[in-house]
Structure formats: C-alpha cells, structure tokens
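J.: Sharing a structure with you now.
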Amino acid sequence: MRRLDLNSLVALHSLLSTRSVSQSAEQLCLGQPAVSHILERLREQCGDPLLCRDGRRMAPTPYAEALLSQLEAWLAQAQQRIAPQPFYPSRPDGAYRLAMPDLLEAALLPPLIASLQEQAPGLCLQVLAMPPHLYTSYIGNDSSLVDDYLRAHGQARRVIASTASLLAIPLLLERLPAVAVLPDLIAQVLRGGDASLLWRRLDDADLAIEVAHVWHPRRDADPLLQFIDSLLWQQSAEWRD
Numbered sequence: 273m274r275r276l277d278l279n280s281l282v283a284l285h286s287l288l289s290t291r292s293v294s295q296s297a298e299q300l301c302l303g304q305p306a307v308s309h310i311l312e313r314l315r316e317q318c319g320d321p322l323l324c325r326d327g328r329r330m331a332p333t334p335y336a337e338a339l340l341s342q343l344e345a346w347l348a349q350a351q352q353r354i355a356p357q358p359f360y361p362s363r364p365d366g367a368y369r370l371a372m373p374d375l376l377e378a379a380l381l382p383p384l385i386a387s388l389q390e391q392a393p394g395l396c397l398q399v400l401a402m403p404p405h406l407y408t409s410y411i412g413n414d415s416s417l418v419d420d421y422l423r424a425h426g427q428a429r430r431v432i433a434s435t436a437s438l439l440a441i442p443l444l445l446e447r448l449p450a451v452a453v454l455p456d457l458i459a460q461v462l463r464g465g466d467a468s469l470l471w472r473r474l475d476d477a478d479l480a481i482e483v484a485h486v487w488h489p490r491r492d493a494d495p496l497l498q499f500i501d502s503l504l505w506q507q508s509a510e511w512r513d
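First residue of the sequence shown: 273, per the working numbering; consecutive thereafter.
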C-alpha cells in the first residue's frame, strides 16, 4: 500500500470502464503516455495484465473484471466521505459557545436565543464571560477614544469615577451630577424603561466602535459557525444603521 498511489486507482477505474488508454487520458486530463505509464505500474503492482489487446480495443482480465465493481464501490464511498454534508439548522444538537461582555449579552442574547429556538431548537447556546479588558498605552497614559475625541475638539473631561461594571452606571447617574459616554447599544440597554435618565446620541464617525465576531481560521468552513454568524449579522443590522 505504501507504493500504491491512490490516484492510480481512479485511473484504473477509468481504464477498466472505457477499456481505452486514449479515452481514459481524455477523462483524466492527462497525456496518453502518462496513462500508459500508470497502467504499466498497476500491472506490476497487481501481478496481472489487467487489460489485454482485443482487436482495436482492450479487454479486461477476469481479475480486472472482479476488481471493477470493488473500485466503483470504493470510489463512491470515498466521494461520499469527503463531500460537504448538507447543513440543516433544525437538526444539530449540542452546544455552541460565545464569549462576550455582560452588557453585550443583555443586548444580543434575547433576539439571538429567540431565533435559535425557532430555527435550531436542539442547540444550546453557552455564553462565557469575556476576560477583563487589558488597556495598553505606548505613551503611558489612560486616555480613551472619548478623551482623544474631546482633545481634538479643544475639550477635556474630568473623570470622577471608573467602574468595571457597566450595570452600576444607571445607579451612579441617579445620585451624581454627572454624565456617562457610552456606546449607543449599551446606553439603550442601561436606560431601558427608566424615563428619569436622559440621553442624547452623538452621531460622529470618529466615535464609532466596532463589535466583531471572531473565531479560529480552522472553523472557517464550519456550517454551524456560519449559521450563527449569519444570525448575529442579521440581528445587528439595526445597530449598523
């Protein structure tokens, strides 16, 4: 088997089916000398002539006739094994894991889970906490996108408090004469139905923040990942507008 080139089995199937070197060469997109060389090598490896001259055509030996049906079954099975399998969202079960910040969960999960319950009811969505954000700066300060924006417009802000939990912000704003600059999506979730909190949208491309769905390249062809990604893209359409 170490000496056997599996591609030669495809050539052998063509030779036994067409019983012609020239027709096999055409089917395989090879030159006739190359196919003749493959046939000679197969004869040596199999210990059988495989095809013998019979007038203008070639006739298979009894060994080759018995081998043809096995080759057809093997090639059909190999083709079935490597062919992409159809994906039906309603069939998969198991779990799909996503990692995201808690506030993004509040905005994203309700519509995403509703879509999954409708289209893929057997799938369990497992959301993992996003690891703490690590801020780095080459110039040794802690300025953010907002600070850079204000500085470019000749303004500055005074930070009176910082918190790792965005959920604490509405409580702080109720008690302090302060404002919070937040992504529009997060602001909508935090405000909810609380009419006591006022908010104003800052429409400026310089303040845009991207939210990305990222994965390892080895999962690029995963149909389940592609399905989840399409749902995320559809449900984030209103955020992008």
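We treat Cβ as the ideally placed atom computed from N, Cα and C, and that holds for glycine.
Quick check on DSSP: helix, strand or coil for L497?
T.: L497: helix per DSSP, three-state reduction.
J.: Would you mind sorting P361 into buried or exposed? The rule is 16 or more other CB atoms within 10 Å of its CB.
T.: Burial call: buried.
J.: Less than 6 angstroms between C-beta atoms, sequence neighbours within five positions excluded: which residues of the same chain meet that for P495?
T.: If we look at P495 and ignore the five residues flanking it on each side, its Cβ neighbours are F359.
J.: Considering only C-alpha positions, which residue in the set G464, D456, P455, Q427 is nearest to L443?
T.: Here the closest residue by C-alpha is G464.
J.: Near Q351, which residues of its chain fall below 7 angstroms by C-beta distance, leaving aside the five closest residues on each side in sequence?
T.: Taken in chain order, the list of residues that qualify is empty.
J.: From the DSSP output, in three-state form, read off P383 for me.
T.: If DSSP states are grouped into helix, strand and coil, P383 belongs with the helices.
J.: Mark S286 as exposed unless 16 or more other C-beta atoms lie within 10 angstroms of its C-beta, in which case mark it buried.
T.: Buried: at least 16 other Cβ atoms inside 10 Å.
J.: Would you kindly work out how many angstroms separate the C-alpha atoms of C318 and P393, rounded to a whole number?
T.: Cα-Cα distance, rounded: 53 angstroms.
J.: Please report the distance separating the alpha-carbon of T290 from that of Q342.
T.: Approximately 16 angstroms, taken between the alpha carbons.
J.: Drop a sphere of 10 angstroms on the beta-carbon of I354, count the other beta-carbons inside from all chains shown, and report buried for 16 or more, exposed for fewer.
T.: Exposed, because fewer than 16 other Cβ atoms sit within 10 Å of the Cβ of I354.
J.: Mind checking whether L504 and H485 have CB atoms under 8 angstroms apart?
T.: Cβ atoms of L504 and H485: closer than 8 angstroms.
J.: Among residues of its own chain, excluding the 5 on either side of Q304, which ones have a beta-carbon nearer than 7 angstroms to its beta-carbon?
T.: V293, S294, A297.
J.: Would DSSP call Y360 helix, strand or coil?
T.: Correct three-state label for Y360: coil.
J.: Thinking C-beta only, is I432 closer than 8 angstroms to L528?
T.: Any question about residue 528 goes unanswered here, given that the chain covers just 273 to 513.
J.: State the start and end residues of the unbroken alpha helix (DSSP H) segment that holds C318.
T.: It spans 304 to 318 - the alpha helix (DSSP H) in which C318 sits, taken as one unbroken run.
J.: What residue from R490, H309, E377, D420 has the CA that sits closest to A480's CA?
T.: For the residues R490, H309, E377, D420, the minimum Cα distance to A480 belongs to D420.
J.: Over what stretch of residues does the alpha helix (DSSP H) that includes D419 continue unbroken?
T.: Element bounds for D419: 417 to 424.
J.: Buried or exposed for A338, going by 16 or more other Cβ atoms inside 10 Å?
T.: Exposed is the call here.
J.: In angstroms, rounded to a whole number, what distance separates the CA positions of A378 and D476?
T.: Going from the Cα of A378 to the Cα of D476 covers about 25 angstroms.
J.: Determine, using beta carbons only, whether R423 comes closer than 8 angstroms to chain C.
T.: Looking at the structure shown, chain C is missing, and only one protein chain is on hand.
J.: Rounded to a whole number of angstroms, what is the C-alpha to C-alpha distance between A371 and I385?
T.: Going by the C-alpha atoms only, they are around 15 angstroms apart.
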